[in-house]
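K.L.:
Here it is: the structure, laid out below.
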Amino acid sequence: MSTPVLEISRSAFRADLDAVRARLGESRLLLVMKDDAYGHGIGWAVPEAESAGVDWFGSYDIPSALRIRPLTTGRVYAWATSSTDEVEAALNADVELGVGSADYLADVIAAAERLGIGAGVHLKIDTGLHRNGFRPEQWREAIETSLAAQRRGLIRVVGVWSHLAEASDEEDDAAQRVFRGAVHELEQAGGAPEVLHLTASAAAWWRPELRGTLSRVGAFCYGIRSAGGPQPDGLTLISRLIATVDAVDDGEVRLGIGSFHGLPSILSGVEVGTPGGPRRIIRIDGDRTLLEPWPGARKGDRVTVFGPGRDGEQDATALAERIGSVGEEILTRLTPEVRRVLID
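Structure follows, in C-alpha cells:
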C-alpha cells in the first residue's frame, strides 16, 4: 500500500509570511506555532520563518516553546497555564510566559525567586471571552503584585494581552475598550509594557484598528483561511495532501489513505483533485478511500485530497466546513503515517 504525503512548500510559506507582515503594517508579527506548526513541523518552519525576518514565535504550551527555543535567536512566548516544572524549564530557556490568574502569577514569581532568573511576563486581561485572564475586578491586584515583583527583579511585565471572541464587531469593539482601560491602569501604576497584543489571524487581518504593537497570527501564515470566510488576498495554503491510487476495480478508485491516517471518515461526498478532474469521495475506511472513477484511471495516479486548488481540489477549510470544524483541524489530525515532504 502506498504512503500518503503532505507536500509543504517553503516558498509558499515565505510568501504568506511576507503578505501577513505587509498587512500588519507597524504591528509586529508573532508567529503562532501551536500543534507542531499546525501539523507542518516546527523543526523546519522556525528557521525558515526566522530567515524571512520573523523574530517572535508563540506556542500554546511550554513543551512546544522549548522545542522552538533552540531553533531561533528570536523571542519565544507560551501562554498556557503550566506546571511548576514546566515554568522553571521555561525560565531557564528564556521563554516568556502569558499569565492570567493570581495562582499562576504566584507560581511564576516563586519559580523566578528560586532560580534567580527574571521572568518575562505578559499579563492577560479577560476582555469578555472568559478564556483565562484576570477579570477586570482582579486587575488592580494583579498589577500591584506584578509591579512589586518587578521592583524585586523577579519578573518583567513585558506585555498585556487578551483574546477576542470574534463573534461580532460590536463585541470586539467592547473588548478593545476593556483592553485599553487595563493597559491605561497598568501605565498609571508605573508599568511600561513593551508589547500589547489582542488580535489573532482574522481580527489582525480584517480589523486593523484592533491591532496592538504585536499580532498573534497562526493559521493565516500557513494559508489556512477561517471557516466560513474568504481566502485572504495574497495568502495560499502552503501544503497539499497527496494520496496514490492503489487499485481500480468494480467502477471504483481506491486510494491508500483513510481514517487511520487522520482523514475524517465523515468526509464522504467531498470532491478531490484527480488527473481526470474533480471526483467525489464515495467512502472513507480505516486504510483506504474509495472515489468515483475517471476515464483512464490507473494504479499509481496521484490524487490531491486537499490543497491550494491547482489540481481542482478544495482547501483544508472547505473539508472542515463539511463537518462543522476549522481548517487547522484537518491538518493537525494527520498522523505520522502521513509523510511530510518539503518542496521549494
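So the sequence shown is numbered by the UniProt record's numbering: it starts at 1 and just counts up by one.
Beta carbons: idealized from backbone N, C-alpha and C, even for Gly.
#1: In chain order, what are the residue ranges of uninterrupted beta strand (DSSP E) at least 3 long that sit wholly in the region 93-140?
#2: Assess, as a yes-or-no matter, whether the region 228-238 is touched by the region 10-30 under the definition of 3 or more beta carbon pairs within less than 8 Å.
#3: What is the DSSP secondary structure of Gly43, counted as helix, strand or coil?
#4: Once the 5 residues before and after Ala247 are set aside, which same chain residues still bring their CB inside 7 Å of it?
#5: Report the rounded CA-to-CA distance for Leu91 versus Arg288, giving the unit in angstroms.
#6: On the criterion of 16 or more Cβ atoms from any shown chain inside 10 Å, does Pro308 qualify as buried, or is it exposed?
#7: Run through DSSP, which three-state label would Ser259 get?
#8: Give a yes or no on whether the C-beta atoms belonging to Ala93 and Arg69 are separated by under 7 Å.
#9: Just the Cα atoms here: how many angstroms apart are Arg115 and Glu96?
#10: Taking DSSP as the reference, what is the three-state secondary structure of Val248?
#11: Looking at the structure shown, is Val54 part of a helix, part of a strand, or coil, going by DSSP?
#12: Between which residues of its own chain and Glu50 is the CB-CB distance below 7 Å, once the five residues before and five after are set aside?
#13: Out of Arg240, Ala110 and Tyr38, which one is the CA nearest neighbour of Val341?
#14: Is it the case that the Cβ atoms of Glu88 and Ile62 are separated by a distance below 7 Å?
#15: So, at 8 Å on beta carbons, what are the nonlocal neighbours of Ser11 in its own chain, with the 5 sequence-adjacent residues on each side left out?
#16: Could you tell me if Pro47 is buried or exposed, where buried requires 16 or more neighbouring beta carbons within 10 angstroms of its beta carbon?
#17: Tell me, please, which residues DSSP counts as bridged to His197.
#18: Pop quiz: Ser268 and Arg283 are said to be a contact at Cβ under 8 Å. What is the actual Cβ separation, rounded to whole angstroms?
#19: So, at 6 Å on beta carbons, what are the nonlocal neighbours of Ala323 in its own chain, with the 5 sequence-adjacent residues on each side left out?
#20: Evaluate Phe260 with the Cβ neighbour count: other Cβ atoms within 10 Å of its Cβ, from every protein chain shown; 16 or more gives buried, anything less gives exposed.
#21: Output the boundary residues of the alpha helix (DSSP H) element that contains Leu6.
#22: With H, G and I counted as helix, E and B as strand and the rest as coil, what does DSSP make of Arg23?
#23: May I ask which residues mark the beginning and end of the beta strand (DSSP E) holding Leu290?
#24: Given a cut-off of 7 Å on the beta-carbon distance, is the pair Val160 and Leu196 in contact?
#25: Excluding the 5 residues preceding and the 5 following Gly128 in the sequence, name in chain order all residues of the same chain whose CB lies nearer than 8 Å to its CB.
#26: Once the 5 residues before and after Ile292 are set aside, which same chain residues still bring their CB inside 6 Å of it?
P.N.:
Result, derived from the coordinates:
#1: Counting only runs of at least 3 residues, the region 93-140 fully encloses the following beta strand (DSSP E) elements, listed from N- to C-terminal order: 95-99 and 119-124.
#2: By the criterion of at least three beta-carbon pairs nearer than 8 Å, the region 10-30 is in contact with the region 228-238.
#3: Secondary structure at Gly43: helix, using DSSP grouped into helix, strand and coil.
#4: Here the set comprises Arg254 and Lys299.
#5: One C-alpha to the other measures close to 46 Å.
#6: The residue is buried, with at least 16 neighbouring Cβ atoms inside 10 Å.
#7: Helix.
#8: Yes. Within cutoff.
#9: Sequence check: residue 115 is Leu here, not Arg. Using only the alpha carbons, I get a separation of about 15 Å.
#10: If DSSP states are grouped into helix, strand and coil, Val248 belongs with the strands.
#11: Reduced to three states, the DSSP call for Val54 is coil.
#12: Around Glu50: Thr72 and Gly74.
#13: Of the candidates Arg240, Ala110 and Tyr38, the one whose C-alpha sits nearest the C-alpha of Val341 is Arg240.
#14: Cβ distance not < 7 Å, so Glu88 and Ile62 don't count as in contact.
#15: If we look at Ser11 and ignore the five residues flanking it on each side, its Cβ neighbours are Asp344.
#16: Exposed: under 16 other Cβ atoms inside 10 Å.
#17: According to DSSP, which records beta bridges pairwise, His197 is partnered with Trp161.
#18: Yes, Ser268 and Arg283 are in contact; Cβ-Cβ is about 6 Å, under 8 Å.
#19: This sequence places Ile at residue 323; Ala is not what is there. Here Ile323 has Pro264 and Ile266 as same chain residues with Cβ atoms under 6 Å from its own Cβ, once five neighbours each way along the sequence are excluded.
#20: It is exposed - the Cβ of Phe260 has fewer than 16 other Cβ atoms within 10 Å.
#21: For Leu6, there is no enclosing alpha helix (DSSP H); the enclosing beta strand (DSSP E) covers residues Val5 to Ser9.
#22: DSSP, reduced to helix, strand and coil, places Arg23 within a helical segment of the structure shown.
#23: In this chain, the beta strand (DSSP E) harbouring Leu290 covers Thr289 to Leu291.
#24: Inclusion of Val160 and Leu196 in the CB contact set at 7 Å is warranted, their separation being smaller than that value.
#25: For Gly128, where only same-chain residues beyond five positions count, the Cβ hits under 8 Å are Ala165, Glu171, Ala174, Ala175 and Val178.
#26: Note that residue 292 is Glu in the sequence shown, not Ile. So the qualifying residues of the chain are Arg279 and Arg280.
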